[in-house]
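Colleague: Numbering-wise, numbering that gives the first Met the number 0 puts 3 at position 4 of the sequence shown, and it's gapless, one number per residue. Think of the CB as a built atom: it goes at the ideal place given N, C-alpha and C, for glycine as much as any other residue. Computed from a predicted structure; not experimentally measured. Take a look at the following structure, please.
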Amino acid sequence: MIIADQRVRVKDAVNCIWWLSKSPFPRVNMKRVLQPYSSSMRTLLQNGYKPKLRPSGHKISSKFQKDNLGAIPPNLIALANTESNSAYQRYCRQHHLPEHPARFPSGLPAFFIRMLSNRGDLVVDAFAGSCVTGAVAEEMGRRWLCYELDCVYIEGARGRFLNDPNQGQKKPRTKPYEIYPPSVHLLDEKSLPLVEDGGEKRPKPKD
Numbered sequence: 000m001i002i003a004d005q006r007v008r009v010k011d012a013v014n015c016i017w018w019l020s021k022s023p024f025p026r027v028n029m030k031r032v033l034q035p036y037s038s039s040m041r042t043l044l045q046n047g048y049k050p051k052l053r054p055s056g057h058k059i060s061s062k063f064q065k066d067n068l069g070a071i072p073p074n075l076i077a078l079a080n081t082e083s084n085s086a087y088q089r090y091c092r093q094h095h096l097p098e099h100p101a102r103f104p105s106g107l108p109a110f111f112i113r114m115l116s117n118r119g120d121l122v123v124d125a126f127a128g129s130c131v132t133g134a135v136a137e138e139m140g141r142r143w144l145c146y147e148l149d150c151v152y153i154e155g156a157r158g159r160f161l162n163d164p165n166q167g168q169k170k171p172r173t174k175p176y177e178i179y180p181p182s183v184h185l186l187d188e189k190s191l192p193l194v195e196d197g198g199e200k201r202p203k204p205k206d
């Protein structure tokens, strides 16, 4: 375990998602998950663009100017998980149940459910946790099956399916996760010395 005061590791913010298919050509439509164009792309579409070879060596064809109503998303899905007072959490607290420690934002299963399934299709989550996938699938008109070894988390997951107006439920918000480029600003490096041993010798935790 690395103590925070050592400042020798960046935080772990990326999880791999495996999208598996029984066929090399699964039923899918990327147009269902298009992202808004960047401001530079909107400007290009508005002003036009001369097809040519870019300095990078990438050849831009005339098809690049076609407005497809959005961009195909990258293979990095950046979502923030800022849930702090959802109906699920209130239900767990009211019934003295532990909240699942590794909940993911609803936008994650929604992305794949929209891209890979139609209404009425069956969505299966073999590692359900607090059943975010099941709740999202139901909201999107899909059937679902969720499996979880720890029954106490299944008990808490009931809170995701309540329809009691007294609960004051709100749909979970999905916000983008902000990723900033590395800073090139100069710092007072003398006051921020390097950890010479890379954290091999752990400092004593502060009281």
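Counting C-beta neighbours from all protein chains within 10 Å, is the total for R159 16 or more, i.e. buried, or is it exposed?
Modeller: buried
Colleague: Rounded to the nearest angstrom, what separates V32 and M114 at their Cα positions?
Modeller: Whole-angstrom Cα-Cα distance: 6 angstroms.
Colleague: Could you name the residues of the same chain whose beta carbon sits closer than 7 angstroms to that of P72, not counting the 5 residues immediately before and after it, in chain order?
Modeller: Cβ neighbours of P72 beyond the five flanking positions: V32 and Q34.
Colleague: If you reduce the DSSP assignment to three classes, tell me which class K200 lands in.
Modeller: coil
Colleague: In the structure shown, what three-state DSSP assignment does P108 receive?
Modeller: Assigned with DSSP and collapsed to three states, P108 falls in helix.
Colleague: Just tell me which of K200, P108 and L161 has its CA closest to the CA of W18.
Modeller: P108
Colleague: I need the straight-line Cα distance from A70 to I76, nearest angstrom please.
Modeller: Each residue's Cα considered, the two are about 14 angstroms apart.
Colleague: Just the C-alpha distance for G167 and S83, rounded to the nearest angstrom, thanks.
Modeller: Low confidence applies to G167: its pLDDT is 44, below 50, so where it sits in the model is not reliable, and the reading given next is rough at best. C-alpha separation (whole angstroms): 14 angstroms.
Colleague: Check for me: the alpha helix (DSSP H) holding Q31 runs from which residue to which?
Modeller: The sequence shown places Arg at residue 31, not Gln. Where R31 is concerned, there is no enclosing alpha helix (DSSP H), given that its DSSP letter is neither H nor E.
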